[in-house]
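Colleague:
2 protein chains.
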Amino acid sequence: MKYYDFGLAPNPRRVNVFINEKGLKIETAEINLRNGEQFSAEFLKVNPLATVPCLELDDGSVLSETMAICRYLEALHPTPCLFGATPLEVARVEQWSRRAEMEGFLPAADALRNGEPRFANRAVPGPRDYAQIAELAERGKARCLAFFEVLDKQLAGREFIATEAFSAADITAYITVEFAARVGVKPTATMGNLLRWYKAVGERPSVRALPAPP
Amino acid sequence: MKYYDFGLAPNPRRVNVFINEKGLKIETAEINLRNGEQFSAEFLKVNPLATVPCLELDDGSVLSETMAICRYLEALHPTPCLFGATPLEVARVEQWSRRAEMEGFLPAADALRNGEPRFANRAVPGPRDYAQIAELAERGKARCLAFFEVLDKQLAGREFIATEAFSAADITAYITVEFAARVGVKPTATMGNLLRWYKAVGERPSVRALPAPP
């Protein structure tokens, strides 16, 4: 298999932490999104959606969804388990992965892509152009901050978000906090649980191996 | 466990098809979202997010994410398998479940909640109020139609979307097509693969058991 990465972008960073936690070595190509390399004829042959991360499998098919890549790697390499082992753990990891994504990560993406001039007409990733919506950028920021309150409350007395172990939910939530900072949304000083967890996750070798976020 | 349902709303319909495919009988309470029952003191004690579907577990914890509920039921009742069995099937089901959700279901929800007068100030589900954004309703409709083109192409020569078997990806995509009709977006007559698949899925007993969509 071959992995297409861009170490500064949030979705590849989620996959990268996942790969690092598993201790996997995968052949990797960097697609520089800031130089528009995702639109090169060569890369569009691999992934016509013009997005990274993506994982090209040995049968030639391509996974272009972050969570599909992670679940594939989990199925091939179950240890350490990052999606939960028991039915209850599986459910809790999914519950909190989804909440982090729906209430935090996607709103942060809305804020960035609808707010920054360099995404003019590129408000949605993928092959089609969509105009920016300034109001959606503002809604995205408000929703991120609201999610940080949720996360702070959830982390009271807890080391990890979903279960007793580090999981995919922690990965998505951590990258969400990083990502939201790019649009100016940060945890407040009163969010002690969130700040403690964020610091601890940031010290994991899997996260320290990432390039500094933009 | 106890399941909280509203048979006319898209996310509960996804769970209901899933439950029906598994042949499960679960104690169920109907929460009428059109009468505002999700804001009753009694229901807010179960799910402070004021959303259905949700599943109250025997330990008192509550799953409020559609896919967390489905994955919990799959873990408890693995047959028939709806999230894929081999690593490649797992990956493909997730790839297409996510695409259906990100490119179809969520844009349909954007269109409905930002466009219909009855969702004024309720543009995002959950406990917080957000003003509608008319431009986002229009973007949602355009994205739904674009996704139908993707789906039609994917279904060429295929019975099901992700693998050789009916899966969670078919469920999300089917409910997306139903849902998009509520905002006036329908497959065009030229989308023969999509129309064939939609008709076939609609004839499954798990889907026929649903109330007619609004």
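Chains R and P, in that order, give the protein sequences.
Residue numbering for the first sequence follows my numbering, starting at 1 and increasing by one per position.
Residue numbering for the second sequence follows my numbering, starting at 1 and increasing by one per position.
Using N, Cα and C, we set each Cβ at its ideal position, and we do this for glycine too.
#1: Looking at the unbroken beta strand (DSSP E) that takes in THR172/P, where does it start and where does it end?
#2: Along the chain, where does the alpha helix (DSSP H) that runs through GLU135/P open and close?
#3: Spatial neighbours of GLY84/R within its chain, please: CB distance less than 8 Å, with the 5 preceding and 5 following residues excluded, ordered by chain position.
#4: Flag this pair as yes or no: are the beta carbons of SER97/P and THR172/P separated by less than 7 Å?
#5: Check GLU27/R in the structure and name its three-state DSSP category.
#6: Assign GLY104/R to buried or exposed, taking buried as 16 or more other Cβ atoms, counted over all protein chains shown, within 10 Å of its Cβ.
#7: Helix, strand or coil, according to DSSP, for ARG122/P in the structure here?
#8: Can you tell which of ALA75/P, ALA142/P and GLU74/P has the C-alpha that lies nearest to the C-alpha of PRO107/P?
#9: Would you report the Cα separation of ASP59/P and MET1/P, rounded to the nearest angstrom?
#10: Output needed for VAL15/P: all residues of its chain with C-beta closer than 7 Å, excluding positions within five of it in sequence on either side, in chain order.
#11: Based on Cα-Cα distance, which residue from ASP5/R, LEU112/R and ARG204/R lies nearest to PRO56/R?
#12: Using a Cβ-Cβ distance cut-off of 7 Å, determine whether PRO78/R contacts chain P.
#13: Do the stretch 109–118 of chain P and the stretch 132–140 of chain P touch if we need at least three Cβ pairs shorter than 8 Å?
#14: Once you ignore the five residues that flank ASP110/R on each side, which residues in its own chain have a CB closer than 6 Å to its CB?
#15: Determine the chain R residues that contact GLU149/P at a beta-carbon separation under 8 Å, and present them in chain order.
#16: Who are the neighbours of MET67/P on chain R, taking C-beta pairs under 7 Å?
#17: Quick check: what's the CA-CA separation for LEU151/P versus PRO12/P?
#18: Is the stretch 152–161 of chain R touching the stretch 186–201 of chain R, taking contact as three or more C-beta pairs under 8 Å?
#19: For a quick check, are the C-beta atoms of ARG128/R and ALA180/P less than 7 Å apart?
#20: Give me the Cα-Cα distance between LEU88/R and GLY157/R, rounded to the nearest whole angstrom.
#21: Using the Cβ count rule (16 or more neighbours within 10 Å means buried), how would you classify GLU203/R?
#22: Classify PRO10/R as buried or exposed, calling it buried when 16 or more other Cβ atoms lie within 10 Å of its own Cβ.
#23: Taking the alpha-carbon positions, what's the GLN170/R to ALA50/P distance?
#24: How many whole angstroms separate the CB atoms of ALA209/P and ASN32/P, which I take to be in contact at a CB cut-off of 8 Å?
#25: Give a yes or no on whether the minimum CB-CB distance between ALA111/P and chain R is below 7 Å.
#26: Identify whether ASP129/P lies in helix, strand or coil by the three-state DSSP scheme.
#27: Does ALA272/P pass the burial test, meaning 16 or more other C-beta atoms within 10 Å, or should it be called exposed?
#28: Specify, as a first and last residue, the run of the alpha helix (DSSP H) that ASP110/P falls within.
#29: Which first and last residues belong to the alpha helix (DSSP H) in which PRO199/P is found?
#30: Could you check whether the Cβ of PRO10/P sits closer than 7 Å to any Cβ belonging to chain R?
#31: Are GLU74/R and LEU63/R touching if we call contact CB-CB under 7 Å?
Modeller: According to the structure data:
#1: Taking the first residue of the second sequence as 1, we reach residue 172/P at position 172. Run containing THR172/P: none in the beta strand (DSSP E); it sits in the alpha helix (DSSP H), 168–182.
#2: What you label residue 135/P is simply residue 135 of the second sequence in a count that begins at 1. Counting along the chain, the alpha helix (DSSP H) containing GLU135/P begins and ends at 134–154.
#3: As a working mapping, residue 84/R is identified with position 84 in the first sequence. Excluding positions up to five away in sequence, the list reads VAL90, ALA91, ARG92, VAL93, GLU94, ALA162, THR163 and SER167.
#4: Within the second sequence, residue 97/P is the residue found at index 97, counting from 1. Within the second sequence, residue 172/P is the residue found at index 172, counting from 1. Closer than 7 Å, so yes.
#5: As a position in the first sequence, residue 27/R is number 27, starting the count at 1. DSSP places GLU27/R in strand when its eight states are reduced to three.
#6: Residue 104/R sits at position 104 when you count from the first residue of the first sequence. Answer is buried; the Cβ neighbour count reaches 16.
#7: Against the second sequence, residue 122/P aligns to sequence position 122. Correct three-state label for ARG122/P: strand.
#8: Here residue 107/P corresponds to residue number 107 of the second sequence, with the count starting at 1. Selected option, being the one with the closest Cα: ALA142/P.
#9: On the second sequence, position 59 is the one that residue 59/P refers to. On the second sequence, position 1 is the one that residue 1/P refers to. Computed Cα separation, rounded: 9 Å.
#10: Here residue 15/P corresponds to residue number 15 of the second sequence, with the count starting at 1. Within the same chain, VAL15/P has close Cβ partners PRO53, THR66, ILE69 and CYS70.
#11: For the purposes of this step, residue 56/R is taken as the residue at position 56 of the first sequence. The sequence shown places Glu at residue 56/R, rather than the Pro named in the question. Minimum Cα distance to GLU56/R is reached at ASP5/R.
#12: As a position in the first sequence, residue 78/R is number 78, starting the count at 1. Judged by the 7 Å Cβ criterion, PRO78/R is not in contact with chain P.
#13: yes
#14: For the purposes of this step, residue 110/R is identified with residue 110 of the first sequence, where counting begins at 1. For ASP110/R, where only same-chain residues beyond five positions count, the Cβ hits under 6 Å are LEU136 and GLY140.
#15: In the second sequence, counting from the first residue as 1, residue 149/P sits at position 149. In chain order: nothing, as chain R lies at least about 10 Å away.
#16: One-based indexing of the second sequence puts residue 67/P at position 67. Per Cβ cutoff of 7 Å: GLU94 and ARG98.
#17: Reading the second sequence from its first residue, position 151 is the one you call residue 151/P. Reading the second sequence from its first residue, position 12 is the one you call residue 12/P. Approximately 22 Å, taken between the alpha carbons.
#18: yes
#19: What you label residue 128/R is simply residue 128 of the first sequence in a count that begins at 1. What you label residue 180/P is simply residue 180 of the second sequence in a count that begins at 1. No; because the gap between Cβ atoms is not below 7 Å, this pair is not in contact.
#20: Counting from one through the first sequence, the residue named residue 88/R turns up at place 88. Counting from one through the first sequence, the residue named residue 157/R turns up at place 157. If you take the alpha carbons of LEU88/R and GLY157/R, they lie about 20 Å apart.
#21: Here the question's residue 203/R lines up with position 203 in the first sequence. By the neighbour-count rule (16 or more Cβ atoms within 10 Å), GLU203/R is not buried but exposed.
#22: Residue 10/R sits at position 10 when you count from the first residue of the first sequence. Its Cβ being crowded by 16 or more others within 10 Å, PRO10/R is buried.
#23: The sequence position of residue 170/R within the first sequence is 170, counting from 1. The sequence position of residue 50/P within the second sequence is 50, counting from 1. Correcting the residue identity first, residue 170/R is Asp in this sequence and not Gln. Near 24 Å, if we compare the C-alpha coordinates of ALA50/P and ASP170/R.
#24: For the purposes of this step, residue 209/P is taken as residue 209 along the second sequence, with counting starting at 1. For the purposes of this step, residue 32/P is taken as residue 32 along the second sequence, with counting starting at 1. At roughly 19 Å, the Cβ-Cβ gap does not stay under 8 Å, so ALA209/P and ASN32/P are not in contact.
#25: By one-based count along the second sequence, residue 111/P stands at place 111. Chain R contact via Cβ: absent.
#26: In the second sequence, residue 129/P corresponds to position 129, counting from 1. ASP129/P falls in the coil class under three-state DSSP.
#27: With chain P covering 1 to 214 only, the question about residue 272/P has no answer from this structure.
#28: Counting from 1 along the second sequence, the entry for residue 110/P is found at position 110. Element bounds for ASP110/P: 106–115.
#29: Stepping through the second sequence from its first residue, residue 199/P is reached at position 199. For clarity, residue 199/P is Lys in the given sequence; the question names Pro instead. Per DSSP, LYS199/P belongs to the alpha helix (DSSP H) from 192–202.
#30: As a working mapping, residue 10/P is identified with position 10 in the second sequence. Cβ-Cβ to chain R under 7 Å: no for PRO10/P.
#31: Translated into positions along the first sequence, residue 74/R becomes position 74. Translated into positions along the first sequence, residue 63/R becomes position 63. No. Outside cutoff.
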